[in-house]
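Peer 1: Submitted below is the structure of interest, expressed as C-alpha cells.
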Amino acid sequence: MIRDITIGQYYKAGSCIHRLDPRTKIIATLVYIVGLFVLKSFAGLAFAAAVLAVCVAVSRVPVSFMLRGLKPVFLIILFTFVLNMFIYDGEILVKIWIFTITKEGLRTAFFMAARLILLILGSSMMTLTTKPIELTDGIESLLSPLRRVGVPAHELAMMMTIALRFIPTLLEETDKIMKAQQARGADFETGNILRRAKSLLPILIPLFISAFRIAQDMAMAMEARCYRGGDGRTRMNPMHFEKRDVAAFILLAVFLALIILERILI
Numbered sequence: 140m141i142r143d144i145t146i147g148q149y150y151k152a153g154s155c156i157h158r159l160d161p162r163t164k165i166i167a168t169l170v171y172i173v174g175l176f177v178l179k180s181f182a183g184l185a186f187a188a189a190v191l192a193v194c195v196a197v198s199r200v201p202v203s204f205m206l207r208g209l210k211p212v213f214l215i216i217l218f219t220f221v222l223n224m225f226i227y228d229g230e231i232l233v234k235i236w237i238f239t240i241t242k243e244g245l246r247t248a249f250f251m252a253a254r255l256i257l258l259i260l261g262s263s264m265m266t267l268t269t270k271p272i273e274l275t276d277g278i279e280s281l282l283s284p285l286r287r288v289g290v291p292a293h294e295l296a297m298m299m300t301i302a303l304r305f306i307p308t309l310l311e312e313t314d315k316i317m318k319a320q321q322a323r324g325a326d327f328e329t330g331n332i333l334r335r336a337k338s339l340l341p342i343l344i345p346l347f348i349s350a351f352r353i354a355q356d357m358a359m360a361m362e363a364r365c366y367r368g369g370d371g372r373t374r375m376n377p378m379h380f381e382k383r384d385v386a387a388f389i390l391l392a393v394f395l396a397l398i399i400l401e402r403i404l405i
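Residue numbering for the sequence shown follows my numbering, beginning at 140 and increasing consecutively.
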C-alpha cells in the first residue's frame, strides 16, 4: 500500500509533455481541475477522461503506474460514493431499514466518484512529468507578481516543492519502519479499528523522529551552501515558452471552451 502512492514521484521519459515548460503544465493542471468541477454531466466527464487518456498516452507514463496511485485513496473514493448514494432524495430504488437508495443519489454517487478519480489522476500527471526543481521554478515564476504586495514567492514555492518531494521519502521510511516492526512480531493487519490504530504508535514515533532528522539534515545542507532565499538568485536552466507550449495553450483553450459550452447547453 505504501509503495502504491505515486503523488510526488517523477517518472523519467522523453515525451513532449515532459519537455513542456513547467508553468504550462501547472496552468493546464489548474484548468483541468476547475473544468472537472464545472462539468455537470457524464458526457462531460467522459470527454475529460478522454483528454486525460490522450495525455497519458503521449507522456509515455504506464497506465498501470498511474492507476496504482488510486489504491491508497480507495477508501476515500468509496466513502464519497456511499455518502452521496444515501443523502439525495428522489425516486426510490432500494430501501433497507433507515437507508434509502434513490436514482438521483446513485447517479450523483457515480458522478462524484468519477470526478474524484479524474482529479487524482490529473494532478498526478503534473508531478509524474515534472522534475521537482522545475516545479519549484514554475511555481515561483507564477507567484512572482505577488512579490509587489510582499508575498515571498520563492520561499512559498520552495516549501511546497520540498513538501511534495519528500512524500516518497517519508513513505519509503514508513515502509522500512513497518518491515522492521513486523520482523519483531508487530501485527498491523488483524484486530478491530482501535487495535489497528494502537498498533500504529510504534510506527508514528520513529517516523516523526526520522522526519525531524531529515529536515535538520536538509537545513544544514542549505546552510552549508549559503542559501539565503530567492533574492538575487539565478537559474541554471532559464525557462522559456516555446512552440510546443503555444500549441499546448491553444489545445487548453479549446478544452476550456468545450467545457464552458457543455455547462451552457446541458
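Glycine is no exception: its CB is placed at the ideal position from the N, C-alpha and C atoms.
Predicted model only: the values in this text are computed from it and were never measured.
Could you check if residue 153 is buried or exposed, using at least 16 other CB atoms within 10 Å of its CB as the buried criterion?
Peer 2: exposed
Peer 1: Judging by CA-CA distance, which residue of 183, 288 and 266 is the nearest neighbour of residue 302?
Peer 2: 266
Peer 1: Given a cut-off of 8 angstroms on the beta-carbon distance, is the pair residue 462 and residue 377 in contact?
Peer 2: Since the first residue of the chain shown is 140 and the last is 405, residue 462 is not available in this structure.
Peer 1: Roughly how many angstroms separate the alpha carbons of residue 264 and residue 149, rounded to a whole number?
Peer 2: Those two C-alpha atoms are separated by around 9 angstroms.
Peer 1: Answer yes if the stretch 155–171 comes into contact with the stretch 387–399, meaning at least three C-beta pairs across the two stretches below 8 angstroms, and no otherwise.
Peer 2: Touching, yes.
Peer 1: Check whether the stretch 271–291 touches the stretch 242–259, taking contact to mean three or more Cβ pairs, one atom from each stretch, closer than 8 angstroms.
Peer 2: Three or more Cβ pairs closer than 8 angstroms define a contact, and the stretch 271–291 falls short of that threshold against the stretch 242–259.
Peer 1: Could you tell me the alpha carbon to alpha carbon distance between residue 353 and residue 367, rounded to whole angstroms?
Peer 2: Each residue's alpha carbon lies about 20 angstroms from the other.
Peer 1: Counting Cβ pairs, one atom from each stretch, are 3 or more of them under 8 angstroms apart for the stretch 309–316 and the stretch 281–295?
Peer 2: no
Peer 1: Using three-state DSSP, classify residue 290 as helix, strand or coil.
Peer 2: In the structure shown, residue 290 sits in coil (DSSP, three-state: anything other than H, G, I, E or B).
Peer 1: Per DSSP, what are the beta-bridge partners of residue 238 in this structure?
Peer 2: Residue 238 is bridged to 235.
Peer 1: Please state if the CB of residue 240 and the CB of residue 233 are separated by a distance shorter than 8 angstroms.
Peer 2: yes
Peer 1: Rounded to whole angstroms, what's the CA-CA distance from residue 222 to residue 358? Just pull it up for me.
Peer 2: 43 angstroms
Peer 1: Which runs of the beta strand (DSSP E) at least 3 residues long sit entirely within the stretch 258–323? Give them in chain order.
Peer 2: Restricted to the stretch 258–323, not a single beta strand (DSSP E) segment is unbroken, complete and at least 3 residues in length.
Peer 1: Helix, strand or coil for residue 249? Go by DSSP, reduced to three states.
Peer 2: helix
Peer 1: Would you say residue 200 and residue 308 are within 8 angstroms of each other, going by their C-beta atoms?
Peer 2: no
Peer 1: Identify, in the order they occur along the chain, each residue of the same chain with its Cβ nearer than 8 angstroms to the Cβ of residue 194, setting aside the five sequence neighbours on each side.
Peer 2: 156 and 264.
Peer 1: Check for me: the alpha helix (DSSP H) holding residue 161 runs from which residue to which?
Peer 2: 161–177
Peer 1: Quick check: residue 281 and residue 191, are their CB atoms within less than 8 angstroms of each other?
Peer 2: Judged by beta-carbon spacing, residue 191 lies beyond the 8 angstroms limit of residue 281, meaning their Cβ atoms are not closer than that value.
Peer 1: Between which two residues does the alpha helix (DSSP H) carrying residue 205 extend?
Peer 2: 202–207
Peer 1: Cα separation between residue 242 and residue 209?
Peer 2: 27 angstroms
Peer 1: Beta carbon of residue 189, beta carbon of residue 175: below 8 angstroms?
Peer 2: no
Peer 1: Could you tell me how far apart the beta carbons of residue 436 and residue 178 are, in whole angstroms, since I believe they sit closer than 8 angstroms?
Peer 2: The question about residue 436 has no answer, for the chain in this structure spans 140 to 405.
Peer 1: Can residue 250 and residue 340 be called in contact, C-beta distance under 8 angstroms?
Peer 2: Inclusion of residue 250 and residue 340 in the CB contact set at 8 angstroms is not warranted, their separation being larger than that value.
Peer 1: Would residue 205 and residue 260 qualify as a contact pair, given that the criterion is a beta-carbon distance under 8 angstroms?
Peer 2: In contact: residue 205 and residue 260 (Cβ atoms closer than 8 angstroms).
Peer 1: Do you know whose CA, among 164, 270 and 297, lies nearest residue 262's CA?
Peer 2: 164
Peer 1: Let's see if you can read the secondary structure: which residues bound the alpha helix (DSSP H) around residue 392?
Peer 2: 382–404
Peer 1: Assign residue 156 to one of three DSSP states: helix, strand, or coil.
Peer 2: coil
Peer 1: Take residue 212 as the anchor and find which of 252, 198, 351 and 304 has the nearest alpha-carbon.
Peer 2: 252
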